[in-house]
Amino acid sequence: MKKFYQCEICDTLYASEEKALACEALGFNPLYEIDDKVMYEGAVVIITHRSICELTHAFIYRFSMNAEDNPGKILSSCGWQNEEKLSPQHNLQGCA
Ligand SMILES: [Zn+2]
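When the letters of the sequence shown are read in order and numbered with this note's numbering, they come out as residues 950 to 1045.
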């Protein structure tokens, strides 16, 4: 029988307890929540899904775009995007 230790945050399985504990020590620190409005490629988007990456605990997001927030804009890419591609909406408002 083989025994595994599982990170409770990202569900990765490890053969040693130390590695699983080290993975959990990375914590759970997403920058954005579901329904947050953030900036992506100059457009205001609304986060619809969030997922955590195994091993790194980095976060990826899916989002949708409201036409009224972005007159005339079309999102060129969809699907999951890395957290660093998004930025808080209030950054732009601060410059206005
Ligand atoms: Zn983990």
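Beta carbons: idealized from backbone N, C-alpha and C, even for Gly.
Keep in mind it's a predicted model, so treat the numbers as computed, not measured.
Boundaries for Leu1035: no alpha helix (DSSP H) harbours it, while the beta strand (DSSP E) harbouring it runs 1035–1037, taken from the DSSP string. Rounded to whole angstroms, Ile1023 and Leu962 show a C-alpha spacing of 40 Å. Chain-ordered, the residues whose CB falls short of 7 Å from any heavy atom of ligand 1 come out as Cys956, Ile958, Cys959, Thr961, Cys972, Glu973, Leu975, Glu1003, Leu1004, His1006. For Phe953 and Tyr1010, the gap between their C-alpha atoms comes out near 29 Å. Taking 8 Å as the cut-off, the Cβ atoms of Val994 and Ser1013 count as close.
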